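Taking the numbering used here as reference, the numbering of the sequence shown is continuous, increasing by one, and the terminal residue is 942.
Even for Gly, the Cβ is constructed at its ideal location relative to N, Cα and C.
Remember, it's a predicted structure, so these values are computed and weren't measured experimentally.
Reviewing the structure listed below.
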Amino acid sequence: MGTNYYLHGKECPCCGRASETLHIGKSSAGWHFSLHIIPEKQINSLEDWKTLWESDGYHIENEYGERIEVDKMVDLITNRKGRLPRESKPYGYRSWEDFHRQNYSEDGLYGLIAHRYRAKRTNGTYDLIEGDFS
809 MGTNYYLHGK
819 ECPCCGRASE
829 TLHIGKSSAG
839 WHFSLHIIPE
849 KQINSLEDWK
859 TLWESDGYHI
869 ENEYGERIEV
879 DKMVDLITNR
889 KGRLPRESKP
899 YGYRSWEDFH
909 RQNYSEDGLY
919 GLIAHRYRAK
929 RTNGTYDLIE
939 GDFS
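Below, the structure is given as C-alpha coordinates:
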(Lines of atoms letter the chains of each structure in order from A and count residues from 1; the text may use other names and numbers.)
(Lines give C-alpha, C1' and ligand atoms only; values in the text may rest on other atoms or scores of the structure.)
Protein backbone atom coordinates (compact mmCIF):
# COMPACT_ATOMS: atom_id res chain seq x y z
CA MET A 1 0.00 0.00 0.00
CA GLY A 2 1.26 3.46 -0.80
CA THR A 3 0.26 7.07 -1.34
CA ASN A 4 0.38 8.93 -4.65
CA TYR A 5 1.25 12.62 -4.89
CA TYR A 6 0.17 15.11 -7.56
CA LEU A 7 1.12 18.60 -8.68
CA HIS A 8 -1.93 20.72 -9.44
CA GLY A 9 -1.52 23.61 -11.86
CA LYS A 10 -2.99 27.06 -11.74
CA GLU A 11 -6.71 27.09 -11.03
CA CYS A 12 -9.28 28.51 -13.43
CA PRO A 13 -10.81 31.66 -11.90
CA CYS A 14 -14.27 30.64 -13.13
CA CYS A 15 -14.56 26.99 -12.14
CA GLY A 16 -11.61 26.47 -9.76
CA ARG A 17 -10.29 23.40 -11.61
CA ALA A 18 -6.55 22.94 -12.01
CA SER A 19 -5.24 23.66 -15.49
CA GLU A 20 -3.07 20.55 -15.32
CA THR A 21 -2.41 17.75 -12.85
CA LEU A 22 0.85 15.83 -12.93
CA HIS A 23 1.69 12.63 -11.05
CA ILE A 24 4.75 13.35 -8.87
CA GLY A 25 5.22 9.83 -7.59
CA LYS A 26 4.40 7.28 -4.96
CA SER A 27 5.51 6.66 -1.39
CA SER A 28 5.35 3.06 -0.20
CA ALA A 29 6.49 2.03 3.28
CA GLY A 30 9.94 0.47 3.26
CA TRP A 31 10.68 1.37 -0.38
CA HIS A 32 12.63 4.11 -2.12
CA PHE A 33 10.23 6.87 -3.19
CA SER A 34 9.06 6.33 -6.80
CA LEU A 35 9.69 9.74 -8.37
CA HIS A 36 7.89 10.06 -11.69
CA ILE A 37 9.96 11.60 -14.47
CA ILE A 38 8.23 13.00 -17.54
CA PRO A 39 10.87 13.79 -20.20
CA GLU A 40 8.33 15.22 -22.67
CA LYS A 41 7.57 17.91 -20.06
CA GLN A 42 11.28 18.42 -19.23
CA ILE A 43 10.87 16.77 -15.82
CA ASN A 44 13.92 14.53 -15.49
CA SER A 45 15.04 14.97 -11.88
CA LEU A 46 14.05 15.99 -8.38
CA GLU A 47 15.49 19.45 -9.12
CA ASP A 48 13.12 19.81 -12.08
CA TRP A 49 10.18 18.94 -9.80
CA LYS A 50 11.34 21.43 -7.14
CA THR A 51 11.36 24.21 -9.74
CA LEU A 52 7.72 23.47 -10.57
CA TRP A 53 6.68 23.13 -6.93
CA GLU A 54 8.05 26.57 -6.15
CA SER A 55 6.25 28.22 -9.10
CA ASP A 56 3.36 30.57 -8.40
CA GLY A 57 -0.08 29.04 -8.70
CA TYR A 58 0.95 25.41 -8.21
CA HIS A 59 0.33 23.18 -5.23
CA ILE A 60 0.92 19.57 -4.17
CA GLU A 61 -1.77 17.20 -2.95
CA ASN A 62 -1.78 13.55 -2.01
CA GLU A 63 -4.38 11.17 -3.41
CA TYR A 64 -6.68 12.00 -0.49
CA GLY A 65 -6.83 15.69 -1.41
CA GLU A 66 -4.56 16.85 1.43
CA ARG A 67 -2.25 19.74 0.53
CA ILE A 68 1.45 19.10 1.08
CA GLU A 69 4.03 21.85 1.59
CA VAL A 70 7.12 21.79 -0.62
CA ASP A 71 9.57 21.20 2.26
CA LYS A 72 7.46 18.27 3.52
CA MET A 73 7.39 16.77 0.00
CA VAL A 74 11.18 17.05 -0.32
CA ASP A 75 11.60 15.46 3.11
CA LEU A 76 9.22 12.63 2.20
CA ILE A 77 11.35 11.86 -0.87
CA THR A 78 14.87 12.38 0.49
CA ASN A 79 14.67 11.38 4.15
CA ARG A 80 13.52 7.76 4.18
CA LYS A 81 14.51 4.75 6.25
CA GLY A 82 13.57 1.09 6.02
CA ARG A 83 11.62 -0.62 8.77
CA LEU A 84 11.99 -4.32 8.16
CA PRO A 85 14.77 -6.23 9.92
CA ARG A 86 16.74 -8.11 7.30
CA GLU A 87 17.59 -10.99 9.65
CA SER A 88 14.23 -12.63 9.04
CA LYS A 89 12.64 -13.50 5.72
CA PRO A 90 9.79 -11.27 4.53
CA TYR A 91 6.29 -12.53 5.27
CA GLY A 92 4.92 -14.71 2.47
CA TYR A 93 8.29 -15.30 0.80
CA ARG A 94 10.90 -18.07 1.11
CA SER A 95 13.76 -15.56 1.37
CA TRP A 96 14.83 -12.02 0.54
CA GLU A 97 16.11 -13.31 -2.79
CA ASP A 98 12.64 -14.71 -3.52
CA PHE A 99 11.05 -11.38 -2.51
CA HIS A 100 13.36 -9.38 -4.80
CA ARG A 101 12.84 -11.77 -7.71
CA GLN A 102 9.04 -11.57 -7.46
CA ASN A 103 8.94 -7.80 -6.86
CA TYR A 104 11.65 -6.74 -9.35
CA SER A 105 13.51 -5.09 -6.48
CA GLU A 106 16.90 -5.02 -4.78
CA ASP A 107 18.39 -3.78 -1.53
CA GLY A 108 18.47 0.00 -1.40
CA LEU A 109 19.82 2.63 0.97
CA TYR A 110 19.20 2.66 4.74
CA GLY A 111 17.36 -0.65 4.80
CA LEU A 112 14.96 0.41 2.06
CA ILE A 113 13.93 -1.65 -0.94
CA ALA A 114 14.84 -0.18 -4.34
CA HIS A 115 13.13 -0.63 -7.68
CA ARG A 116 14.97 -2.68 -10.27
CA TYR A 117 12.49 -2.65 -13.17
CA ARG A 118 12.12 0.56 -15.25
CA ALA A 119 13.91 2.60 -12.58
CA LYS A 120 16.96 4.83 -12.64
CA ARG A 121 18.72 4.68 -9.30
CA THR A 122 19.91 7.89 -7.68
CA ASN A 123 22.36 8.50 -4.85
CA GLY A 124 19.38 9.18 -2.61
CA THR A 125 16.33 7.43 -1.17
CA TYR A 126 14.30 7.72 -4.35
CA ASP A 127 14.31 6.14 -7.79
CA LEU A 128 13.40 7.88 -11.06
CA ILE A 129 10.65 6.08 -12.95
CA GLU A 130 9.37 6.98 -16.41
CA GLY A 131 5.96 6.00 -17.74
CA ASP A 132 2.65 5.17 -16.10
CA PHE A 133 2.54 3.57 -12.67
CA SER A 134 0.44 3.85 -9.56
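Candidates the options: closest to residue i by CA position
i	options	result
Pro821	His923, Gly865, Phe941, Ile885	Gly865
Tyr813	Leu884, Glu938, Arg926	Leu884
Met809	Lys880, Asp856, Thr829, Glu871	Glu871
Glu869	Glu938, Arg909, Ser835	Ser835
Gly919	Gly873, His844, Cys823, Glu895	Glu895
Trp861	Gly873, Pro847, Lys880	Lys880
Own chain partners of residue i with C-beta closer than 6 Å, once the 5 adjacent residues on each side are dropped
i	result
Lys818	Ser827, Gly865
Thr829	Tyr814, His816
Beta-carbon separation (whole angstroms), residue i vs residue j, contact threshold 8 Å
i	j	result
Phe841	Arg888	6 Å
Leu936	Ile845	5 Å
For residue i, the three-state DSSP class (helix, strand or coil)
i	result
Glu862	coil
His908	helix
Glu895	coil
Gly1027	What the structure shows of the chain is the stretch from 809 to 942, and residue 1027 is not part of that stretch, so it cannot be assessed.
Lys880	helix
Asp856	helix
Tyr934	strand
Lys834	strand
Beta-carbon proximity list for residue i, same chain, < 7 Å, skipping 5 on both sides
i	result
Glu914	His908, Ala922, Arg924
Pro847	Glu938
Lys897	Ser903, Trp904
Residues of its chain near residue i, where Cβ-Cβ distance is below 8 Å and the 5 sequence neighbours each way are ignored
i	result
Glu877	Ile868
message: Check whether the region 829-846 and the region 925-941 touch, using three or more Cβ-Cβ pairs below 8 Å as the test.
response: yes
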